[in-house]
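Student: Right, I'll just put the structure down here and ask away after.
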Amino acid sequence: MNDKEPIYRGYRPRQMALWLGFFVALAALTLYLRFHELATQGLWSDELFSVSAITQVGAGRPWYAYEQKSFPYLRMEDSFLTWKAGENSPPLFEALLWLWCQVFGWSDFAVRSMSALLGSLAPLVLFIGLRRPLGAWSAAGAALIFALSPSAITYAQEVRSYALLMLLASIAVVRLVRYVLADDEQRSHWGSSFKVDVAIYLLLSYTHYTGLVLACGLTGLRWVLAKRRGWPLREFGWFAALPALLAPWLYLNWFAMASAGAGHYGWSDYAWADVWSLLLPKATEFFLPQPSIQGVQAFIGLPKAAGVFLARPYALPAALTLALLGAALGAWKRVAADAAPRRAHDPRWLLCLGLALLVVMHFGYGIYTAFHARVWHARYFSAMLPVGMAVFALLFSLAGQHRLARLFPLCAVLLACAVSVPTLRAYYQNPWKEDYREASRYIVQNTQGRPTVVATWAANAAYYNYYLRGFMADAGRSYELTTVGQSGDLTAGVAALCQRRWAPGEQVVLFQHGMHRLYFDMVNRQCAGALQMVSERQFRGLFVNFYQATGATASPQ
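Residue numbers for the sequence shown follow my numbering, beginning at 199 and rising by one.
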(Lines of atoms letter the chains of each structure in order from A and count residues from 1; the text may use other names and numbers.)
(Lines give C-alpha, C1' and ligand atoms only; values in the text may rest on other atoms or scores of the structure.)
Protein backbone atom coordinates (compact mmCIF):
# COMPACT_ATOMS: atom_id res chain seq x y z
CA MET A 1 0.00 0.00 0.00
CA ASN A 2 3.01 2.31 0.25
CA ASP A 3 6.35 2.46 -1.47
CA LYS A 4 8.00 0.54 1.35
CA GLU A 5 5.38 -2.17 1.69
CA PRO A 6 3.71 -2.79 -1.69
CA ILE A 7 0.76 -5.12 -2.05
CA TYR A 8 1.45 -8.70 -3.07
CA ARG A 9 5.18 -8.24 -2.76
CA GLY A 10 7.47 -11.23 -3.09
CA TYR A 11 9.52 -12.76 -0.29
CA ARG A 12 13.10 -13.90 -0.25
CA PRO A 13 13.73 -17.58 0.53
CA ARG A 14 14.86 -16.79 4.10
CA GLN A 15 11.70 -14.78 4.73
CA MET A 16 9.59 -17.54 3.26
CA ALA A 17 11.20 -20.06 5.59
CA LEU A 18 10.57 -17.74 8.55
CA TRP A 19 6.89 -17.31 7.79
CA LEU A 20 6.44 -20.96 6.92
CA GLY A 21 7.80 -21.76 10.37
CA PHE A 22 5.42 -19.23 11.92
CA PHE A 23 2.50 -20.77 10.05
CA VAL A 24 3.37 -24.26 11.32
CA ALA A 25 3.72 -22.94 14.89
CA LEU A 26 0.43 -21.04 14.59
CA ALA A 27 -1.32 -24.16 13.31
CA ALA A 28 0.07 -26.23 16.17
CA LEU A 29 -0.98 -23.57 18.70
CA THR A 30 -4.53 -23.22 17.40
CA LEU A 31 -5.04 -26.98 17.19
CA TYR A 32 -3.67 -27.55 20.69
CA LEU A 33 -5.75 -24.81 22.33
CA ARG A 34 -8.97 -25.90 20.64
CA PHE A 35 -8.57 -29.65 21.15
CA HIS A 36 -7.15 -29.36 24.69
CA GLU A 37 -9.56 -30.79 27.31
CA LEU A 38 -12.14 -31.11 24.53
CA ALA A 39 -14.20 -33.90 26.12
CA THR A 40 -13.33 -33.39 29.80
CA GLN A 41 -16.86 -32.21 30.53
CA GLY A 42 -20.03 -33.45 28.89
CA LEU A 43 -22.24 -31.61 26.44
CA TRP A 44 -24.30 -28.78 27.91
CA SER A 45 -27.79 -27.52 27.06
CA ASP A 46 -27.09 -25.59 23.85
CA GLU A 47 -24.86 -28.36 22.51
CA LEU A 48 -27.46 -30.99 23.37
CA PHE A 49 -30.00 -29.09 21.28
CA SER A 50 -27.77 -29.37 18.19
CA VAL A 51 -26.88 -33.02 18.77
CA SER A 52 -30.41 -34.03 19.73
CA ALA A 53 -31.77 -32.42 16.57
CA ILE A 54 -29.92 -35.04 14.51
CA THR A 55 -30.09 -38.02 16.89
CA GLN A 56 -33.29 -38.29 18.91
CA VAL A 57 -36.05 -35.98 17.64
CA GLY A 58 -38.75 -36.81 15.13
CA ALA A 59 -38.61 -40.58 15.60
CA GLY A 60 -40.59 -42.19 12.81
CA ARG A 61 -41.15 -38.90 10.99
CA PRO A 62 -39.36 -37.56 7.90
CA TRP A 63 -36.74 -34.93 8.73
CA TYR A 64 -38.45 -32.47 6.40
CA ALA A 65 -41.90 -32.75 8.01
CA TYR A 66 -42.63 -29.19 9.05
CA GLU A 67 -44.97 -27.86 11.72
CA GLN A 68 -45.19 -24.19 12.62
CA LYS A 69 -43.88 -23.85 16.18
CA SER A 70 -41.70 -21.63 18.32
CA PHE A 71 -39.09 -22.98 20.73
CA PRO A 72 -41.14 -23.23 23.98
CA TYR A 73 -43.63 -25.55 22.28
CA LEU A 74 -41.20 -28.04 20.73
CA ARG A 75 -41.43 -31.73 21.61
CA MET A 76 -39.14 -34.65 20.92
CA GLU A 77 -41.73 -36.01 18.48
CA ASP A 78 -41.26 -33.01 16.18
CA SER A 79 -39.08 -33.32 13.08
CA PHE A 80 -35.57 -31.98 12.55
CA LEU A 81 -36.83 -29.15 10.34
CA THR A 82 -39.45 -28.14 12.91
CA TRP A 83 -36.80 -28.06 15.62
CA LYS A 84 -34.42 -25.89 13.64
CA ALA A 85 -37.12 -23.50 12.46
CA GLY A 86 -38.53 -23.32 15.98
CA GLU A 87 -35.10 -22.55 17.44
CA ASN A 88 -34.77 -19.64 15.01
CA SER A 89 -31.41 -20.80 13.64
CA PRO A 90 -30.54 -22.18 10.17
CA PRO A 91 -29.72 -25.88 9.67
CA LEU A 92 -26.35 -25.87 7.87
CA PHE A 93 -24.21 -26.67 10.91
CA GLU A 94 -26.34 -29.62 12.03
CA ALA A 95 -26.37 -31.02 8.48
CA LEU A 96 -22.56 -30.92 8.37
CA LEU A 97 -22.38 -32.35 11.89
CA TRP A 98 -24.51 -35.33 10.87
CA LEU A 99 -22.17 -36.07 7.96
CA TRP A 100 -19.13 -35.66 10.21
CA CYS A 101 -20.47 -38.07 12.82
CA GLN A 102 -21.27 -40.70 10.20
CA VAL A 103 -17.49 -40.94 9.77
CA PHE A 104 -16.07 -40.18 13.22
CA GLY A 105 -18.78 -41.46 15.55
CA TRP A 106 -20.92 -39.95 18.29
CA SER A 107 -18.61 -39.67 21.30
CA ASP A 108 -18.36 -36.26 22.99
CA PHE A 109 -14.89 -35.82 21.53
CA ALA A 110 -16.07 -36.76 18.03
CA VAL A 111 -19.06 -34.43 17.96
CA ARG A 112 -17.01 -31.52 19.31
CA SER A 113 -14.02 -32.16 17.09
CA MET A 114 -15.69 -30.71 13.99
CA SER A 115 -16.11 -27.34 15.68
CA ALA A 116 -12.56 -27.55 17.06
CA LEU A 117 -11.16 -28.16 13.59
CA LEU A 118 -13.22 -25.39 12.00
CA GLY A 119 -12.21 -23.00 14.77
CA SER A 120 -8.55 -23.91 14.30
CA LEU A 121 -8.71 -23.03 10.60
CA ALA A 122 -10.06 -19.49 11.12
CA PRO A 123 -6.80 -17.84 12.39
CA LEU A 124 -4.85 -19.68 9.68
CA VAL A 125 -7.17 -18.34 6.98
CA LEU A 126 -6.73 -14.85 8.39
CA PHE A 127 -2.93 -15.11 8.31
CA ILE A 128 -2.67 -16.68 4.85
CA GLY A 129 -5.28 -14.36 3.34
CA LEU A 130 -3.93 -11.08 4.73
CA ARG A 131 -0.19 -11.81 4.50
CA ARG A 132 0.21 -10.52 0.95
CA PRO A 133 -2.06 -7.45 0.94
CA LEU A 134 -1.10 -6.21 4.42
CA GLY A 135 2.34 -7.67 5.05
CA ALA A 136 3.34 -10.76 6.97
CA TRP A 137 4.02 -8.97 10.28
CA SER A 138 0.59 -7.35 10.30
CA ALA A 139 -1.21 -10.58 9.42
CA ALA A 140 0.83 -12.53 11.97
CA GLY A 141 -0.03 -10.13 14.79
CA ALA A 142 -3.77 -10.26 14.11
CA ALA A 143 -3.71 -14.04 13.62
CA LEU A 144 -1.89 -14.54 16.94
CA ILE A 145 -4.51 -12.45 18.78
CA PHE A 146 -7.21 -14.50 17.06
CA ALA A 147 -5.52 -17.81 17.89
CA LEU A 148 -5.30 -16.91 21.59
CA SER A 149 -8.76 -15.35 21.81
CA PRO A 150 -10.65 -17.00 24.70
CA SER A 151 -13.95 -16.33 22.94
CA ALA A 152 -12.77 -18.02 19.73
CA ILE A 153 -11.47 -21.00 21.70
CA THR A 154 -14.58 -21.34 23.87
CA TYR A 155 -16.95 -21.50 20.92
CA ALA A 156 -14.61 -23.73 18.95
CA GLN A 157 -15.07 -26.29 21.74
CA GLU A 158 -18.87 -26.30 21.54
CA VAL A 159 -21.17 -28.29 19.29
CA ARG A 160 -22.78 -25.15 17.97
CA SER A 161 -22.54 -23.17 14.75
CA TYR A 162 -20.22 -20.42 16.01
CA ALA A 163 -16.92 -22.01 14.93
CA LEU A 164 -18.27 -22.50 11.40
CA LEU A 165 -19.55 -18.94 11.52
CA MET A 166 -16.11 -17.58 12.46
CA LEU A 167 -14.40 -19.56 9.70
CA LEU A 168 -16.80 -18.38 7.01
CA ALA A 169 -16.60 -14.81 8.32
CA SER A 170 -12.79 -14.99 8.14
CA ILE A 171 -12.94 -16.11 4.51
CA ALA A 172 -15.47 -13.38 3.63
CA VAL A 173 -13.46 -10.59 5.28
CA VAL A 174 -10.19 -11.74 3.73
CA ARG A 175 -11.75 -11.73 0.29
CA LEU A 176 -13.10 -8.21 0.81
CA VAL A 177 -9.70 -6.88 1.93
CA ARG A 178 -7.91 -8.49 -1.01
CA TYR A 179 -10.53 -7.12 -3.44
CA VAL A 180 -10.26 -3.56 -2.14
CA LEU A 181 -6.45 -3.45 -1.91
CA ALA A 182 -5.68 -5.25 -5.16
CA ASP A 183 -4.33 -3.34 -8.19
CA ASP A 184 -6.55 -2.91 -11.24
CA GLU A 185 -5.47 -6.13 -12.95
CA GLN A 186 -5.91 -8.22 -9.83
CA ARG A 187 -9.20 -6.51 -9.00
CA SER A 188 -10.63 -7.64 -12.33
CA HIS A 189 -9.92 -11.19 -11.14
CA TRP A 190 -11.61 -10.60 -7.80
CA GLY A 191 -14.53 -8.91 -9.55
CA SER A 192 -15.00 -11.91 -11.82
CA SER A 193 -15.22 -14.19 -8.76
CA PHE A 194 -18.18 -12.43 -7.17
CA LYS A 195 -20.09 -15.68 -7.54
CA VAL A 196 -17.74 -17.17 -4.96
CA ASP A 197 -18.54 -14.33 -2.57
CA VAL A 198 -22.25 -14.87 -3.10
CA ALA A 199 -21.77 -18.56 -2.21
CA ILE A 200 -19.82 -17.64 0.95
CA TYR A 201 -22.46 -15.11 2.01
CA LEU A 202 -25.14 -17.74 1.40
CA LEU A 203 -23.31 -20.23 3.63
CA LEU A 204 -22.92 -17.52 6.29
CA SER A 205 -26.65 -16.85 6.18
CA TYR A 206 -27.52 -20.54 6.48
CA THR A 207 -25.14 -20.93 9.45
CA HIS A 208 -26.57 -18.31 11.83
CA TYR A 209 -28.80 -15.29 11.46
CA THR A 210 -25.91 -13.05 12.54
CA GLY A 211 -24.11 -14.44 9.48
CA LEU A 212 -26.90 -12.93 7.38
CA VAL A 213 -26.36 -9.60 9.16
CA LEU A 214 -22.62 -9.78 8.37
CA ALA A 215 -23.27 -10.75 4.74
CA CYS A 216 -25.52 -7.71 4.29
CA GLY A 217 -22.95 -5.46 5.94
CA LEU A 218 -20.05 -6.72 3.83
CA THR A 219 -22.11 -6.36 0.64
CA GLY A 220 -23.00 -2.79 1.53
CA LEU A 221 -19.41 -1.92 2.41
CA ARG A 222 -18.11 -3.46 -0.82
CA TRP A 223 -20.62 -1.42 -2.83
CA VAL A 224 -19.76 1.85 -1.05
CA LEU A 225 -16.02 1.35 -1.59
CA ALA A 226 -16.50 0.37 -5.24
CA LYS A 227 -18.79 3.35 -5.85
CA ARG A 228 -16.42 5.77 -4.16
CA ARG A 229 -13.42 4.64 -6.18
CA GLY A 230 -15.24 4.35 -9.49
CA TRP A 231 -14.92 0.59 -9.91
CA PRO A 232 -17.38 -1.37 -12.10
CA LEU A 233 -20.63 -2.19 -10.35
CA ARG A 234 -22.12 -4.66 -12.82
CA GLU A 235 -20.81 -7.63 -10.81
CA PHE A 236 -23.04 -6.66 -7.90
CA GLY A 237 -25.98 -8.11 -9.79
CA TRP A 238 -24.89 -11.51 -8.50
CA PHE A 239 -25.79 -10.45 -4.95
CA ALA A 240 -29.42 -10.07 -6.02
CA ALA A 241 -29.58 -13.88 -5.99
CA LEU A 242 -29.14 -14.01 -2.20
CA PRO A 243 -32.74 -13.07 -1.22
CA ALA A 244 -34.16 -15.68 -3.60
CA LEU A 245 -31.82 -18.38 -2.26
CA LEU A 246 -32.69 -17.50 1.34
CA ALA A 247 -36.44 -17.23 0.76
CA PRO A 248 -37.29 -20.91 1.54
CA TRP A 249 -35.67 -20.78 4.95
CA LEU A 250 -37.02 -17.33 5.80
CA TYR A 251 -40.50 -18.62 4.98
CA LEU A 252 -40.14 -21.60 7.35
CA ASN A 253 -38.47 -19.54 10.05
CA TRP A 254 -40.72 -16.50 9.92
CA PHE A 255 -43.16 -17.64 12.63
CA ALA A 256 -40.42 -18.39 15.19
CA MET A 257 -38.55 -15.23 14.20
CA ALA A 258 -41.65 -13.10 14.77
CA SER A 259 -42.30 -14.79 18.13
CA ALA A 260 -38.71 -14.21 19.23
CA GLY A 261 -38.75 -10.62 17.99
CA ALA A 262 -41.82 -9.90 20.06
CA GLY A 263 -40.02 -11.15 23.18
CA HIS A 264 -42.32 -14.14 23.71
CA TYR A 265 -39.53 -16.31 25.09
CA GLY A 266 -37.01 -13.74 26.22
CA TRP A 267 -35.98 -13.72 29.85
CA SER A 268 -34.89 -10.21 30.72
CA ASP A 269 -36.12 -6.66 30.23
CA TYR A 270 -33.23 -4.36 29.32
CA ALA A 271 -32.97 -0.62 29.88
CA TRP A 272 -30.54 1.96 28.52
CA ALA A 273 -28.55 1.76 31.73
CA ASP A 274 -27.86 -1.90 30.92
CA VAL A 275 -26.26 -0.91 27.62
CA TRP A 276 -23.40 0.84 29.40
CA SER A 277 -23.20 -1.32 32.50
CA LEU A 278 -23.70 -4.78 30.94
CA LEU A 279 -23.93 -5.05 27.14
CA LEU A 280 -20.97 -2.83 26.21
CA PRO A 281 -18.54 -4.35 28.76
CA LYS A 282 -19.57 -7.89 27.75
CA ALA A 283 -19.19 -7.12 24.05
CA THR A 284 -15.79 -5.53 24.72
CA GLU A 285 -14.64 -8.55 26.70
CA PHE A 286 -15.72 -10.82 23.85
CA PHE A 287 -12.97 -9.33 21.67
CA LEU A 288 -10.38 -9.02 24.43
CA PRO A 289 -11.14 -10.57 27.83
CA GLN A 290 -11.11 -9.28 31.37
CA PRO A 291 -9.09 -11.75 33.45
CA SER A 292 -9.21 -11.66 37.23
CA ILE A 293 -6.49 -9.79 39.09
CA GLN A 294 -5.51 -12.99 40.87
CA GLY A 295 -5.30 -14.87 37.59
CA VAL A 296 -3.03 -12.28 36.01
CA GLN A 297 -0.72 -12.11 39.02
CA ALA A 298 -0.56 -15.89 39.46
CA PHE A 299 0.18 -16.61 35.82
CA ILE A 300 2.44 -13.73 34.81
CA GLY A 301 3.85 -12.75 38.20
CA LEU A 302 3.28 -9.04 37.67
CA PRO A 303 2.96 -6.58 40.56
CA LYS A 304 -0.50 -5.76 41.83
CA ALA A 305 -0.72 -2.44 39.95
CA ALA A 306 -0.11 -4.17 36.62
CA GLY A 307 -2.55 -6.92 37.54
CA VAL A 308 -5.24 -4.34 38.29
CA PHE A 309 -4.65 -2.73 34.89
CA LEU A 310 -4.82 -5.98 32.93
CA ALA A 311 -7.93 -7.11 34.83
CA ARG A 312 -10.08 -4.30 33.48
CA PRO A 313 -12.41 -4.29 30.44
CA TYR A 314 -10.37 -1.55 28.78
CA ALA A 315 -7.86 -4.00 27.31
CA LEU A 316 -9.61 -3.65 23.93
CA PRO A 317 -9.64 0.18 23.93
CA ALA A 318 -6.00 0.17 25.04
CA ALA A 319 -4.97 -2.25 22.28
CA LEU A 320 -6.90 -0.27 19.67
CA THR A 321 -5.31 2.97 20.88
CA LEU A 322 -1.83 1.49 20.54
CA ALA A 323 -2.65 0.24 17.04
CA LEU A 324 -4.06 3.64 16.04
CA LEU A 325 -1.00 5.46 17.38
CA GLY A 326 1.27 3.20 15.37
CA ALA A 327 -0.85 3.70 12.23
CA ALA A 328 -0.93 7.49 12.67
CA LEU A 329 2.82 7.68 13.28
CA GLY A 330 3.50 5.45 10.28
CA ALA A 331 1.30 7.65 8.06
CA TRP A 332 3.04 10.81 9.29
CA LYS A 333 6.46 9.33 8.62
CA ARG A 334 5.46 8.36 5.09
CA VAL A 335 4.14 11.84 4.34
CA ALA A 336 7.27 13.45 5.81
CA ALA A 337 9.52 11.21 3.73
CA ASP A 338 7.75 12.02 0.44
CA ALA A 339 7.69 15.68 -0.57
CA ALA A 340 5.03 14.92 -3.21
CA PRO A 341 2.80 12.12 -1.91
CA ARG A 342 1.48 10.02 -4.75
CA ARG A 343 -1.63 8.96 -2.88
CA ALA A 344 -3.52 11.35 -0.66
CA HIS A 345 -6.01 8.76 0.53
CA ASP A 346 -4.82 5.33 1.57
CA PRO A 347 -7.70 2.89 1.00
CA ARG A 348 -6.66 0.96 4.08
CA TRP A 349 -7.95 3.77 6.29
CA LEU A 350 -11.35 3.74 4.59
CA LEU A 351 -11.52 -0.05 4.73
CA CYS A 352 -10.53 -0.04 8.39
CA LEU A 353 -13.21 2.54 9.18
CA GLY A 354 -15.83 0.59 7.25
CA LEU A 355 -15.10 -2.69 9.05
CA ALA A 356 -15.07 -0.94 12.43
CA LEU A 357 -18.47 0.57 11.61
CA LEU A 358 -19.79 -2.92 10.86
CA VAL A 359 -18.86 -3.98 14.40
CA VAL A 360 -20.50 -0.86 15.87
CA MET A 361 -23.64 -1.39 13.81
CA HIS A 362 -23.77 -5.04 14.89
CA PHE A 363 -23.66 -3.87 18.51
CA GLY A 364 -26.51 -1.48 17.72
CA TYR A 365 -28.48 -4.37 16.25
CA GLY A 366 -27.76 -6.29 19.46
CA ILE A 367 -29.27 -3.44 21.48
CA TYR A 368 -32.37 -3.56 19.28
CA THR A 369 -32.82 -7.31 19.82
CA ALA A 370 -32.19 -6.94 23.56
CA PHE A 371 -34.95 -4.35 23.87
CA HIS A 372 -37.48 -6.07 21.60
CA ALA A 373 -36.70 -9.79 21.82
CA ARG A 374 -35.54 -9.51 25.47
CA VAL A 375 -32.53 -11.69 24.57
CA TRP A 376 -28.86 -10.77 24.34
CA HIS A 377 -25.73 -12.92 24.26
CA ALA A 378 -22.13 -11.86 23.75
CA ARG A 379 -21.64 -14.94 21.60
CA TYR A 380 -23.73 -13.31 18.89
CA PHE A 381 -20.54 -11.34 18.15
CA SER A 382 -18.87 -14.50 16.83
CA ALA A 383 -19.38 -13.32 13.25
CA MET A 384 -17.71 -10.01 14.13
CA LEU A 385 -14.61 -11.47 15.77
CA PRO A 386 -12.77 -11.99 12.43
CA VAL A 387 -13.88 -8.49 11.39
CA GLY A 388 -12.25 -7.07 14.51
CA MET A 389 -9.08 -9.05 13.83
CA ALA A 390 -9.00 -7.64 10.28
CA VAL A 391 -9.24 -4.13 11.73
CA PHE A 392 -6.19 -4.86 13.88
CA ALA A 393 -4.30 -6.20 10.85
CA LEU A 394 -5.12 -3.09 8.80
CA LEU A 395 -3.97 -0.78 11.58
CA PHE A 396 -0.78 -2.80 12.06
CA SER A 397 -0.03 -2.54 8.34
CA LEU A 398 -0.53 1.23 8.39
CA ALA A 399 2.36 1.51 10.83
CA GLY A 400 4.62 0.68 7.90
CA GLN A 401 8.32 -0.09 8.26
CA HIS A 402 9.30 2.65 10.70
CA ARG A 403 10.74 1.06 13.82
CA LEU A 404 9.11 3.39 16.33
CA ALA A 405 5.73 3.14 14.59
CA ARG A 406 5.92 -0.67 14.56
CA LEU A 407 6.59 -0.68 18.29
CA PHE A 408 2.97 0.30 18.97
CA PRO A 409 1.41 -2.70 17.15
CA LEU A 410 3.90 -4.95 18.94
CA CYS A 411 2.72 -3.58 22.29
CA ALA A 412 -0.91 -4.10 21.24
CA VAL A 413 -0.22 -7.76 20.42
CA LEU A 414 1.65 -8.28 23.69
CA LEU A 415 -1.21 -6.69 25.65
CA ALA A 416 -3.76 -8.91 23.92
CA CYS A 417 -1.69 -12.01 24.72
CA ALA A 418 -1.18 -10.87 28.33
CA VAL A 419 -4.92 -10.67 28.99
CA SER A 420 -5.84 -13.77 26.97
CA VAL A 421 -3.46 -16.35 28.44
CA PRO A 422 -4.60 -16.07 32.10
CA THR A 423 -8.23 -16.16 30.97
CA LEU A 424 -7.58 -19.35 29.01
CA ARG A 425 -5.95 -20.99 31.99
CA ALA A 426 -8.97 -20.20 34.14
CA TYR A 427 -11.31 -21.45 31.39
CA TYR A 428 -9.64 -24.87 31.26
CA GLN A 429 -9.45 -25.23 35.04
CA ASN A 430 -12.94 -24.05 35.99
CA PRO A 431 -15.72 -25.70 33.96
CA TRP A 432 -19.12 -24.08 34.42
CA LYS A 433 -21.48 -25.81 32.00
CA GLU A 434 -24.28 -28.16 33.08
CA ASP A 435 -23.05 -31.67 33.77
CA TYR A 436 -25.76 -33.78 32.15
CA ARG A 437 -23.35 -36.65 31.57
CA GLU A 438 -22.47 -37.28 35.22
CA ALA A 439 -26.00 -36.59 36.43
CA SER A 440 -27.36 -39.20 33.99
CA ARG A 441 -24.72 -41.72 35.03
CA TYR A 442 -25.70 -41.17 38.67
CA ILE A 443 -29.37 -41.84 37.88
CA VAL A 444 -28.56 -45.11 36.12
CA GLN A 445 -26.32 -46.28 38.97
CA ASN A 446 -28.93 -45.56 41.66
CA THR A 447 -32.18 -46.75 40.13
CA GLN A 448 -33.73 -50.19 40.15
CA GLY A 449 -36.38 -51.85 38.07
CA ARG A 450 -38.06 -49.56 35.56
CA PRO A 451 -37.98 -46.04 37.03
CA THR A 452 -39.93 -43.04 35.81
CA VAL A 453 -37.70 -40.07 34.98
CA VAL A 454 -39.44 -36.69 34.97
CA ALA A 455 -37.52 -34.45 32.56
CA THR A 456 -39.46 -31.34 33.63
CA TRP A 457 -40.18 -28.96 30.72
CA ALA A 458 -41.18 -30.79 27.51
CA ALA A 459 -39.12 -28.53 25.24
CA ASN A 460 -35.95 -29.52 27.12
CA ALA A 461 -36.66 -33.23 27.50
CA ALA A 462 -34.13 -34.12 24.79
CA TYR A 463 -31.33 -32.58 26.87
CA TYR A 464 -32.03 -34.83 29.85
CA ASN A 465 -32.64 -37.89 27.70
CA TYR A 466 -29.47 -37.74 25.56
CA TYR A 467 -26.99 -39.34 27.98
CA LEU A 468 -29.67 -41.16 29.96
CA ARG A 469 -30.80 -43.31 27.06
CA GLY A 470 -27.22 -44.32 26.23
CA PHE A 471 -26.29 -45.26 29.79
CA MET A 472 -29.56 -47.13 30.30
CA ALA A 473 -29.01 -49.07 27.07
CA ASP A 474 -25.45 -49.94 28.10
CA ALA A 475 -26.79 -51.26 31.42
CA GLY A 476 -29.52 -53.26 29.69
CA ARG A 477 -32.19 -51.25 31.51
CA SER A 478 -35.47 -49.63 30.53
CA TYR A 479 -37.15 -46.53 31.91
CA GLU A 480 -40.10 -44.25 31.26
CA LEU A 481 -39.42 -40.64 30.31
CA THR A 482 -42.15 -38.11 31.01
CA THR A 483 -42.43 -34.32 31.38
CA VAL A 484 -44.57 -31.81 33.25
CA GLY A 485 -45.87 -29.99 30.17
CA GLN A 486 -45.04 -26.99 28.07
CA SER A 487 -44.74 -23.27 28.59
CA GLY A 488 -47.90 -21.86 30.14
CA ASP A 489 -49.35 -25.11 31.51
CA LEU A 490 -46.78 -26.18 34.09
CA THR A 491 -49.18 -26.13 37.03
CA ALA A 492 -51.67 -28.32 35.21
CA GLY A 493 -48.84 -30.57 34.02
CA VAL A 494 -47.52 -31.14 37.53
CA ALA A 495 -51.06 -31.76 38.82
CA ALA A 496 -51.62 -34.40 36.11
CA LEU A 497 -48.28 -36.01 36.97
CA CYS A 498 -49.20 -36.28 40.63
CA GLN A 499 -52.58 -37.88 39.90
CA ARG A 500 -50.91 -40.86 38.28
CA ARG A 501 -51.33 -44.25 39.94
CA TRP A 502 -47.84 -45.09 41.15
CA ALA A 503 -47.12 -48.62 42.31
CA PRO A 504 -45.93 -48.75 45.95
CA GLY A 505 -42.15 -48.53 46.07
CA GLU A 506 -41.84 -47.34 42.46
CA GLN A 507 -38.92 -44.98 41.88
CA VAL A 508 -39.59 -41.53 40.42
CA VAL A 509 -36.64 -39.30 39.51
CA LEU A 510 -37.02 -35.57 39.05
CA PHE A 511 -34.27 -34.39 36.66
CA GLN A 512 -34.15 -30.59 36.52
CA HIS A 513 -32.00 -27.60 35.69
CA GLY A 514 -30.44 -25.64 38.53
CA MET A 515 -32.34 -22.51 37.47
CA HIS A 516 -35.71 -24.29 37.52
CA ARG A 517 -36.18 -25.30 41.15
CA LEU A 518 -39.81 -24.32 40.76
CA TYR A 519 -40.47 -27.86 39.48
CA PHE A 520 -39.12 -29.28 42.74
CA ASP A 521 -41.34 -26.99 44.82
CA MET A 522 -44.43 -27.69 42.68
CA VAL A 523 -43.93 -31.49 42.80
CA ASN A 524 -43.46 -31.43 46.58
CA ARG A 525 -46.70 -29.50 47.02
CA GLN A 526 -48.87 -31.21 44.41
CA CYS A 527 -47.62 -34.77 45.04
CA ALA A 528 -47.67 -34.64 48.85
CA GLY A 529 -48.69 -38.03 50.20
CA ALA A 530 -48.16 -39.85 46.88
CA LEU A 531 -44.41 -39.35 46.54
CA GLN A 532 -41.88 -39.34 49.34
CA MET A 533 -38.51 -37.76 48.68
CA VAL A 534 -35.62 -40.14 49.35
CA SER A 535 -32.52 -38.21 48.34
CA GLU A 536 -31.18 -35.23 46.42
CA ARG A 537 -27.92 -34.82 44.55
CA GLN A 538 -26.64 -31.61 43.03
CA PHE A 539 -24.46 -31.53 39.94
CA ARG A 540 -23.02 -28.58 38.10
CA GLY A 541 -26.10 -26.68 36.95
CA LEU A 542 -28.47 -29.59 37.66
CA PHE A 543 -30.45 -31.27 40.44
CA VAL A 544 -31.50 -34.93 40.72
CA ASN A 545 -34.23 -35.77 43.23
CA PHE A 546 -35.19 -39.38 44.01
CA TYR A 547 -38.74 -40.10 45.16
CA GLN A 548 -40.49 -43.30 46.16
CA ALA A 549 -44.18 -43.87 45.56
CA THR A 550 -46.20 -44.60 48.69
CA GLY A 551 -49.21 -46.07 46.90
CA ALA A 552 -51.48 -43.40 48.40
CA THR A 553 -53.40 -40.70 46.57
CA ALA A 554 -51.79 -37.26 46.28
CA SER A 555 -53.04 -34.62 48.74
CA PRO A 556 -51.96 -31.24 47.27
CA GLN A 557 -50.86 -28.68 49.83
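C-beta: ideal position from N, C-alpha, C; glycine also.
All values derive from a computational prediction rather than experimental measurement.
Taking the straight line between their C-alpha atoms, what separation do you get for R330 and F590?
Tutor: R330 and F590: Cα-Cα distance of roughly 15 Å.
Student: Round the Cβ separation of F269 and A534 to the nearest angstrom and send it over; I've been treating them as touching at under 8 Å.
Tutor: Contact flag wrong, Cβ pair sits at about 60 Å.
Student: What residue ranges within the stretch 520-564 form continuous beta strand (DSSP E) runs of no fewer than 3 residues, ordered along the chain?
Tutor: Fully enclosed beta strand (DSSP E) runs of 3 or longer: not present.
Student: What would DSSP say about L241, mapped onto helix, strand or coil?
Tutor: Residue state, collapsed to three classes: coil.
Student: Any contact between the stretch 354-363 and the stretch 400-416? By contact I mean 3 or more CB pairs, one from each, below 8 Å.
Tutor: Judged by Cβ distances under 8 Å, the stretch 354-363 makes contact with the stretch 400-416, as three or more pairs qualify.
Student: Counting Cβ pairs, one atom from each stretch, are 3 or more of them under 8 Å apart for the stretch 602-612 and the stretch 213-228?
Tutor: Taking 8 Å as the limit for Cβ pairs, the verdict is that the stretch 213-228 does not touch the stretch 602-612.
Student: Using a Cβ distance threshold of 8 Å, determine whether the stretch 244-262 contacts the stretch 287-297, with at least three qualifying pairs required.
Tutor: The stretch 244-262 is in contact with the stretch 287-297.
Student: Out of A445, C414, D719 and A424, which has the shortest C-alpha to C-alpha gap to F437?
Tutor: Answer by Cα proximity: C414.
Student: Give every residue of the same chain whose Cβ lies closer than 8 Å to the Cβ of T680, excluding the five residues on either side of it in the sequence, and list them in chain order.
Tutor: Excluding sequence neighbours, T680 sits near T650, V651, V652, A653 and L695.
Student: What is the DSSP secondary structure of F744, reduced to helix, strand or coil?
Tutor: If DSSP states are grouped into helix, strand and coil, F744 belongs with the strands.
Student: Please classify M720: does DSSP put it in a helix, a strand, or coil?
Tutor: Helix at M720.
Student: Run through the stretch 644-722 for me and flag every whole beta strand (DSSP E) of 3 or more residues, listed as ranges in chain order.
Tutor: Listed in chain order, the complete beta strand (DSSP E) runs (minimum 3 residues) inside the stretch 644-722 are 650-652, 678-680 and 705-711.
Student: Report back the beta-carbon spacing between A370 and L402 to the nearest angstrom; my notes put them in contact at under 8 Å.
Tutor: Right, the Cβ-Cβ distance comes to about 6 Å (below 8 Å), so this counts as a contact.
Student: Taking the Cβ atom as the reference point for each residue, do S347 and S618 lie within a distance shorter than 8 Å?
Tutor: Contact flag set, yes.
Student: Measuring straight from C-alpha to C-alpha, what distance separates N743 and L319?
Tutor: Cα-Cα distance, rounded: 43 Å.
Student: Using only alpha-carbon positions, find the residue among A481, P629 and N451 that is nearest to Q355.
Tutor: Residue P629 is the option with its Cα nearest to Q355.
Student: What does F737 pair with, by DSSP beta-bridge criteria?
Tutor: For F737, which the question treats as bridged, DSSP gives the partners L740.
Student: Quick check: the Cα distance between Y353 and G739, rounded to an integer number of angstroms?
Tutor: Rounded to whole angstroms, Y353 to G739 spans 19 Å at the Cα level.
Student: Could you name the residues that DSSP lists as bridge partners for L729?
Tutor: In DSSP, L729 forms a bridge with A747.
Student: Do the stretch 566-575 and the stretch 456-465 make contact, defined as three or more Cβ pairs closer than 8 Å?
Tutor: Contact between the stretch 566-575 and the stretch 456-465 is present, because at least three Cβ pairs lie under 8 Å.
Student: Helix, strand or coil, according to DSSP, for V611 in the structure here?
Tutor: Note: V611 maps to helix in three-state DSSP.
Student: In chain order, what residues of the same chain have a beta carbon less than 6 Å from the beta carbon of Y468, not counting five sequence neighbours either side?
Tutor: Closer than 6 Å at the Cβ level, and outside the excluded window around Y468, lie A568 and F569.
Student: Within a Cβ cutoff of 6 Å, which residues of the same chain sit near G552, ignoring the five residues on either side of it in sequence?
Tutor: Result list for G552: L419, in chain order.
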